[in-house]
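Colleague: So the sequence shown is numbered by UniProt numbering: it starts at 1 and just counts up by one.
We put the beta carbon where it would ideally sit given N, CA and C, even for glycine.
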Amino acid sequence: MTQPRKRAVVFAYHNVGVRCLKVLLAGGVDVALVITHQDSATENIWFESVLSLCETESIPYLTPIDAKGADLAEAIRAAQPDLMFSFYFRHMLPQAILDIAPAYNMHGSLLPAFRGRAPTNWAVLHGATETGATLHEMTVKPDAGAIVAQQAVPILPDDTAFEVFGKVTVAAELALYHVLPSLLAGSAPRTPNDLTKGGYFGGRKPEDGRIDWTKPAQEVYNLHRAVAPPYPGAFTDVGPRRYVIERARLQNGNVQGLSPGLAVVDNAILGVCGDGRALVIHSLLADGLRISPAELRAQLAEGQA
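1) Alpha carbon to alpha carbon, how far is residue 146 from residue 190? Give it in angstroms, no decimals.
2) Between residue 50 and the rest of its own chain, which residues show a CB-CB distance below 7 Å, the 5 nearest in sequence each way excluded?
3) Following the continuous beta strand (DSSP E) through residue 105, name the residue where it begins and the one where it ends.
4) Rounded to whole angstroms, what is the Cα-Cα separation between residue 4 and residue 161?
5) Between the alpha carbons of residue 278 and residue 289, how many angstroms are there, rounded?
6) What are the complete alpha helix (DSSP H) segments, minimum 4 residues, inside the UniProt domain "Formyl transferase N-terminal" (28-176)?
7) Please look up how many angstroms separate the CB atoms of residue 201 and residue 114, rounded, as I've assumed it's under 8 Å.
8) Which same chain residues end up closer than 7 Å to residue 45 when comparing Cβ atoms and leaving out the 5 residues on each side of it in sequence?
9) So residue 271 is in the beta strand (DSSP E); what residue range does that whole segment cover?
10) For residue 285, collect the residues of the same chain with a Cβ closer than 6 Å to its Cβ; drop the 5 residues on either side in sequence, then sort them by chain order.
11) Whole angstroms are fine: how far does the CA of residue 185 sit from the CA of residue 116?
12) Residue 131 and residue 119 - do their beta-carbons sit closer together than 9 Å?
13) Spatial neighbours of residue 267 within its chain, please: C-beta separation below 7 Å, excluding the five flanking residues on both sides.
14) Name the one or two DSSP bridge partners that residue 9 has.
15) Could you pull the start and end residues of the alpha helix (DSSP H) that residue 19 belongs to?
16) Do residue 178 and residue 149 have their beta-carbon atoms positioned less than 9 Å apart in this structure?
17) Mapping DSSP to helix, strand and coil, what is residue 261?
18) Please report how far the alpha carbon of residue 248 lies from the alpha carbon of residue 205, in whole angstroms.
19) Applying the 10 Å Cβ sphere with the 16-neighbour rule, what's the burial state of residue 1?
20) Helix or strand or just coil, what does DSSP make of residue 231?
Okay, structure coming up:
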């Protein structure tokens, strides 16, 4: 006898939301309702749209301002889900919603490491050499539930957070794809999430990208990699101008006789750091416009006049 399809309510946004929603559809899940976000006019929208996918697949969707309203909980109950999933949805779900059906969240790290917000950016900032995606049971406490599936990916020395996020998106798809049959059958494994390990990290703001040139070059380079475009970018202010690093690499060896900060040497833009090493900056933005080494040299001289 054929088993009835499992019904799901899905909270989803961003690339991970799109890819994991597609996995559910391909796996035969009846997605009764999707809860997503309207894109913000103030945000750089470089990622795929869950809302567009819902329209293409004729899936009912809602875009609530927050997840705590009684009307949202009622809409979810009316959908009669067997399961709920959260794939990069940006709001915490209250207990009133979690009580409706078993709920699972996809987190962009190898839990218990890098719990909380912006896990890929934090992993790159801290110089991690590996990260991944974790599907885990949802609780009111963020990223604390038992682990159901994980998929690791490497972080290469010059990877930016944008590049790593692409790998994490694939890792999320693979983790869900492999565990979905057993999850639907009620036989998926559960591994305790040891919260004495790893750490919890909060959200990041554009101001967190400010460069302290007195730091060692590896730390400055990790900051650049963690926030490089399409994220807001690592920046430094010189006089009235704001300079944002678009592309850079860590230079081998030391530079001599240069103070920490921006410099132009042999027609190359350098970011000189506190340990005597430097970043070779291949693309630098000044007030949003890409500038040449000659233009930067003139601007720095103007500021010293």
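Modeller: Reading off the structure:
1) 6 Å
2) Taken in chain order, the residues that qualify are 12, 13, 17, 18, 21, 34 and 36.
3) DSSP places residue 105 in the uninterrupted beta strand (DSSP E) bounded by 103-107.
4) 41 Å
5) Distance between the alpha carbons of residue 278 and residue 289 is about 23 Å.
6) 50-57, 70-79, 95-98 and 119-125
7) 6 Å
8) 39
9) For residue 271, the enclosing beta strand (DSSP E) has its first and last residue at 268-272.
10) For residue 285, where only same-chain residues beyond five positions count, the Cβ hits under 6 Å are 244 and 246.
11) 29 Å
12) Cβ distance < 9 Å, so residue 119 and residue 131 count as in contact.
13) 293
14) In DSSP, residue 9 forms a bridge with 33 and 84.
15) 14-26
16) Note that the C-beta distance between residue 149 and residue 178 is below 9 Å.
17) If DSSP states are grouped into helix, strand and coil, residue 261 belongs with the strands.
18) 21 Å
19) With a pLDDT of 47 at residue 1, under the threshold of 50, the modelled position of that residue is not reliable, and the figure given next carries that caveat. Classification of residue 1: exposed, given that the 10 Å Cβ count is below 16.
20) In the structure shown, the three-state DSSP call for residue 231 is coil.
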